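J.: Counting with mature numbering (1 follows the signal peptide of the UniProt record, and there is no 0), you get residues -18 to -1, 1 to 384 for the letters of the sequence shown.
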Amino acid sequence: MLTLWMCFLLCWPALVLGNELKLVHAIFSHKLYAPVQLNNSPKNAADNLPRKLNYRFFLEQTDDMNNEAKMDLYNFGVFLRDKYDGFLGEIYYPEIMRMRTSEYVLSMISGQLVDAGLWPPAPAQKWDSALNWQPVVTDYVPAERDTLLLGTLCPSFKHEHKLALKNVSSTKTMLGYYEIFNFLSEQSKFIIDDPSGVELLYSSFETLNSYKLPLPDWGTKLFTNGSMESITLSSYELLSYSTLQKQLNGGTLLKQIIKDTLADKINDSKRKLKISLYSGEERNLIGVLQSMDLWKPHILNPVESLIFEIYQKSPGEQYTVKLNYYDGDAKNIQDLTLPGCGKFCPIDEFEKYLHDIIPKVHEKKLCELNSIPHTGSGVSLKDSFNYYLLPIIIIQYVFLHL
């Protein structure tokens, strides 16, 4: 009898310490790959670099990744299948899963690879004996309306990022980078004058490296000795410098997760949704972790994921949130906890902790340049005055003295 009980606990993942699993959300990321040229014998290794260093250009123009990265994403799907097999069941129904991607190719490819590992066809759904695959529904919205996965493209986010750069431009850390900025600008012929430029060049080198293509001689040392990596990590920090940045890159996803979790509790007997997956890239996952005060600076692996398991101890009780982190190694899943909240964090405490970074207005309005709040930002009061109030005062003065 004891053996049967132990087997039940180990083999049925929908029960953990007496808690019933109700819902799973997972935000996973592929790396930010660059649109490099795949020439194995270029006259100059720099000829394989992308035409320009621009984040949106990278998203729009990169249309493939190396085979090892594809297998890593597929294996993440296999991991989800192994972990939640008893909870999900073997038969795929569109109603029980939602896969949200952006409109960009790598996000879509990543979603399809994860789906392939997660939903191998059950015998009843096998449609080709030689093909262990079945089509799975994914969803996206056009980039100009996608504040869930592409909040960093918003005009208001870009404005806040510029203010963040201005605020840190004279810090000791930033001043120490200018020599590298100048060197890379001179050698690469790109204009590199802030950490994001180094981040994108570092991504370009990583992409070339993943295809086993040569790096430019002038960049090899800075790529391998940690200099570019250090500046890239600084660039990540500037993505969450202000509250508005956190709301647009992390807060919108967390808002959606909380909304779906509460909806599941209200409609417990009616909802069929069991798992929601969000196919993003590095900045998405980093932004969520930073917004939750869980970010540990590092260069991400080809696939990493933050998994939200939603539990309920008994009918009528509130839901709790358990956080797991997947770093590419299925044998090394990390439990994460919000500061001040337990392993099973009550959903109301979870929502309360994230209150400041959950958008209070519609995301479309938050994305607009004129929506920038005057408080809660990482910018100084002096900068806020100069950018927002001073022009108004000047206009009023001129008008009154006409």
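Yeah, the Cβ is synthetic: ideal placement off N, Cα and C, and Gly gets one too.
Since this is a predicted model, take the numbers as computed values, not measurements.
Throw me the rounded Cβ distance for the residue 80 and residue 255 pair, which I believe falls under 8 Å.
T.: Their Cβ separation, rounded to whole angstroms, is 6 Å, which keeps residue 80 and residue 255 in contact under 8 Å.
J.: Of all Cβ atoms in chain C, is any one closer than 8 Å to the Cβ of residue 238?
T.: Annotation note: the requested chain C is absent from the structure, which comprises a single protein chain.
J.: Report back the beta-carbon spacing between residue 279 and residue 215 to the nearest angstrom; my notes put them in contact at under 8 Å.
T.: 5 Å between Cβ atoms; contact.
J.: Go ahead and pull the three-state DSSP assignment for residue 362.
T.: Note on residue 362: pLDDT 38, under 50, position unreliable in the model; the coordinate value appears next. Coil at residue 362, not helix or strand.
J.: In whole angstroms, what is the alpha-carbon distance linking residue 71 and residue 103?
T.: Answer to the nearest angstrom: the Cα atoms are 11 Å apart.
J.: Would the beta-carbon of residue 303 fall within 8 Å of that of residue 290?
T.: Their beta carbons are under 8 Å apart, which means residue 303 touches residue 290 by this criterion.
J.: Output the distance between the C-alpha atoms of residue 220 and residue 275, rounded to the nearest integer angstrom.
T.: Rounded to whole angstroms, residue 220 to residue 275 spans 14 Å at the Cα level.
J.: Going by other Cβ atoms of all chains shown within 10 Å of its Cβ, with 16 needed for buried, is residue 96 buried or exposed?
T.: Buried, by the Cβ-count rule.
J.: What residue range is occupied by the uninterrupted alpha helix (DSSP H) comprising residue 267?
T.: Run containing residue 267: 264 to 273, per the alpha helix (DSSP H) assignment.
J.: Pull up the CB-CB distance for residue 335 and residue 4, whole angstroms please, since I reckon it's below 8 Å.
T.: Not confirmed; about 20 Å, so no contact.
J.: Hey, residue 307 and residue 318: beta-carbon distance below 8 Å or not?
T.: Yes, Cβ-Cβ distance for residue 307 and residue 318 is below 8 Å.
J.: How would you write the range of the beta strand (DSSP E) that residue 9 sits in, first residue to last?
T.: 1 to 12 is the span of the beta strand (DSSP E), which, as asked, contains residue 9.
J.: Confirm, please, whether the CB-CB distance from residue 184 to residue 205 is below 8 Å.
T.: It is a contact, given that the beta carbons lie within the stated cut-off.
J.: Rounded to the nearest angstrom, how far is the Cβ of residue 125 from that of residue 84, given a contact under 8 Å?
T.: Sure, about 7 Å apart at Cβ, within 8 Å.
J.: Counting C-beta neighbours from all protein chains within 10 Å, is the total for residue 109 16 or more, i.e. buried, or is it exposed?
T.: Looking at its Cβ environment, which holds fewer than 16 other Cβ atoms inside 10 Å, residue 109 is exposed.
J.: Note down the Cα distance separating residue 6 from residue 28, rounded to an integer number of angstroms.
T.: In a straight line, the C-alpha of residue 6 is about 44 Å away from that of residue 28.
J.: Let me know the secondary structure DSSP gives residue 96 once reduced to three states.
T.: In this structure, residue 96 counts as helix in the three-state DSSP scheme.
J.: What does the alpha-carbon distance come out to for the pair residue 36 and residue 179?
T.: In a straight line, the C-alpha of residue 36 is about 8 Å away from that of residue 179.
J.: Indicate whether residue 73 and residue 107 have their beta-carbon atoms separated by less than 8 Å.
T.: The answer is yes: Cβ separation under 8 Å.
J.: Kindly list the residues whose CB is nearer than 7 Å to the CB of residue 98, restricted to its own chain and excluding five residues on each side of it in sequence; keep chain order.
T.: Here the set comprises 56, 59, 115.
J.: Who are residue 302's beta bridge partners in DSSP?
T.: For residue 302, which the question treats as bridged, DSSP gives the partners 293, 328.
J.: If you reduce the DSSP assignment to three classes, tell me which class residue 340 lands in.
T.: Three-state DSSP puts residue 340 in coil, outside helix and strand.
J.: Going by beta carbon distance, what residues of the same chain come within less than 8 Å of residue 282, once the five residues before and after it are set aside?
T.: 11, 13, 264, 267, 268.
J.: Taking the alpha carbon of residue 346 as the reference point, which residue from 248, 137, 65 has its own alpha carbon closest?
T.: Closest option to residue 346, Cα to Cα, is 137.
J.: Assuming contact is defined by CB atoms lying nearer than 8 Å, are residue 339 and residue 262 in contact in what I supplied?
T.: Result no, Cβ atoms of residue 339 and residue 262 do not sit closer than 8 Å.
J.: Within 10 angstroms of the Cβ of residue 134, are there 16 or more other Cβ atoms? Answer buried if so, exposed if not.
T.: Buried, since its Cβ has 16 or more Cβ neighbours within 10 Å.
J.: Considering only C-alpha positions, which residue in the set 195, 140, 176, 92 is nearest to residue 52?
T.: Per the Cα distances, 92.
J.: Within its chain, find whatever has a CB closer than 7 Å to the CB of residue 26; leave out the 5 residues flanking it on each side and keep chain order.
T.: Cβ within range, chain order: n/a, list empty.
J.: Anyone know if the C-beta pair for residue 8 and residue 287 falls short of 8 Å?
T.: Cβ atoms of residue 8 and residue 287: closer than 8 Å.
J.: Looking at the unbroken alpha helix (DSSP H) that takes in residue 316, where does it start and where does it end?
T.: Note, residue 316: premise wrong, no alpha helix (DSSP H); beta strand (DSSP E) at 316 to 318.
J.: Quick one: is residue 82 buried, meaning 16 or more other Cβ sit within 10 Å of its Cβ, or exposed?
T.: Burial call: buried.
J.: Check whether the Cβ atoms of residue 100 and residue 62 sit closer than 8 Å, and answer yes or no.
T.: In this structure, residue 62 lies closer than 8 Å to residue 100 by Cβ.
J.: If you follow the alpha helix (DSSP H) that residue 210 is part of, which residue opens it and which one closes it?
T.: Counting along the chain, the alpha helix (DSSP H) containing residue 210 begins and ends at 209 to 219.
J.: From this set, 228, 344, 144, 207, which residue's C-alpha is nearest residue 277's C-alpha?
T.: Here the closest residue by C-alpha is 228.
J.: Please list the terminal residues of the continuous beta strand (DSSP E) segment that includes residue 79.
T.: Its beta strand (DSSP E) spans residues 79 to 82.
J.: Return the first residue and the last residue of the alpha helix (DSSP H) that residue 47 is part of.
T.: Looking at the DSSP string, residue 47 is not in any alpha helix (DSSP H), and its letter there is neither H nor E.
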